[in-house]
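Have a look at the structure below, then the notes.
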Amino acid sequence: WPNATLLRHGCLGSAPTKPTLAFTLRTLAQFHELHRVCPCLSAEAQIRALCNLNRIPYQKNITDQFRITYDAYLEILGRVQRRVDIALKRDTPNWRALNVCPACDYRLQDEPSLKYSKLICIDGNNSLRRVNLKFTREVETYIDTRKPRTDYWLFAEAVDMFKDEVKAKKAAELVETIDPGDVADGASFVTVCIQRWRNAGPEERKRMWQIFVETGIFVAVCRHGFMLYICDMIQSGELAKYGLALTDKLINVYGSNLCIGYDIGCAFSST
Ligand SMILES: [Zn+2]
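In this note's numbering, the protein residues as written are 442 to 712.
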């Protein structure tokens, strides 16, 4: 296999049997780290820079081959990590969430229990937007069918189980709606807090989110800043289902003796 030989020399080829182009592992590792700190850095930008450094004209096929090689590189990293996790017995369900923060989760024998077993903060943001190309260029947008390798990602299906919770509550109040319901929709009364939160995201903006395939992420972190769970916000702003799905997961994993902070928590608690 040519790639076994190439790997011994620190390179990875762009095809399994007859690669015509190879990239060094250092180039792939450097792009991996750069892409983690700057997700908008594209493979094309990386290849254009490499072409300039090597004084060769840019060709689109080099970018295509880089993408293929980079996918293979990530697959190798993922499989190696999986084997390491199995060897270290870190492959049990929710291992990461239960062990990520030593300050929160390392309990001593006969340690007196605290009022709350864990302080957690949840919130969504929208800095990872991806436009649905159907709206801008009338082409089918790429649907990412890959599944996350880590267990701290909640799948869209797990989140969607909660999409009718607020609607069900509204239906009980005889209000006809197709709106999935934002975080504050379940509140039985409107406080200053809810008004301010809604002013920051008016109705028109809620509809605007439809043009994005993904609008951002919704996360839960412990009070020491460690990531516990995360889910994608898809074609919407901050809906109730994201908070409900994460809270449900947190209670299932850590028990109900939790203190959860949320910027619209007053309304969300009644949802
Ligand atoms: Zn912690």
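Idealized CB from N, CA, C, for every residue including glycine.
Starting from the Cα of residue i, find the closest Cα among the options and give me that residue.
i: Q636; options: V521, L549, N495, I705; result: I705
i: D601; options: E552, M674, N535, Q651; result: M674
i: I652; options: Q676, F667, I658; result: Q676
i: R523; options: R590, K501, L549, L494; result: R590
i: A463; options: L453, A470, F472, F667; result: L453
i: T586; options: R578, A456, A597, G657; result: A597
i: Q471; options: T458, P460, K556, A490; result: A490
i: L680; options: L475, N566, H473, A486; result: N566
i: A599; options: N698, L448, D689, V525; result: D689
i: W650; options: Y583, F667, R571; result: R571
i: H403; options: L549, F507, E552; result: Absent from the model: residue 403. The displayed extent of the chain is 442 to 712, so no value can be given.
i: F713; options: D532, L549, N698, A538; result: Only positions 442 to 712 of the chain appear in this structure, which leaves residue 713 out of reach.
According to DSSP, is residue i helix, strand or coil?
i: N566; result: strand
i: G454; result: strand
i: C542; result: coil
i: I509; result: helix
i: E617; result: Note that E617 scores 40 on pLDDT, short of 50, meaning its location in the model is unreliable; the coordinates nonetheless yield the value given after this. Coil.
i: L555; result: coil
i: D592; result: coil
i: T465; result: strand
i: F653; result: strand
i: R489; result: helix
i: I658; result: strand
i: Y683; result: helix
i: V694; result: helix
i: V525; result: helix
i: C634; result: helix
i: I497; result: coil
Look at residue i and residue j and say whether their C-beta atoms are less than 9 Å apart.
i: N573; j: V654; result: yes
i: E581; j: K588; result: no
i: I488; j: S455; result: no
i: K501; j: E606; result: no
i: L469; j: Y514; result: yes
i: C545; j: H665; result: yes
i: Y670; j: L595; result: yes
i: L447; j: P460; result: yes
Would you mind giving the Cβ-Cβ distance between residue i and residue j, rounded to the nearest angstrom? I have them listed as a contact below 8 Å.
i: C479; j: C663; result: Going by Cβ atoms, the distance from C479 to C663 rounds to 26 Å, so no, they are not a contact pair.
i: L687; j: C672; result: 7 Å
i: L518; j: G657; result: 25 Å between Cβ atoms; not a contact.
i: A484; j: T504; result: 6 Å
i: D592; j: N535; result: 6 Å
i: K559; j: Y703; result: That belief does not hold up - the Cβ atoms of K559 and Y703 are roughly 15 Å apart, past 8 Å.
i: L691; j: I561; result: 6 Å
i: G451; j: L475; result: Their Cβ separation, rounded to whole angstroms, is 19 Å, which puts G451 and L475 out of contact at 8 Å.
i: L557; j: N698; result: First, the amino acid is wrong: residue 557 is Tyr here, not Leu. That belief holds up - the Cβ atoms of Y557 and N698 are roughly 6 Å apart, short of 8 Å.
* **Any heavy atom of ligand 1 nearer than 6 Å to the CB - residues listed** => C542, A544, C545, C663, R664, H665, F667
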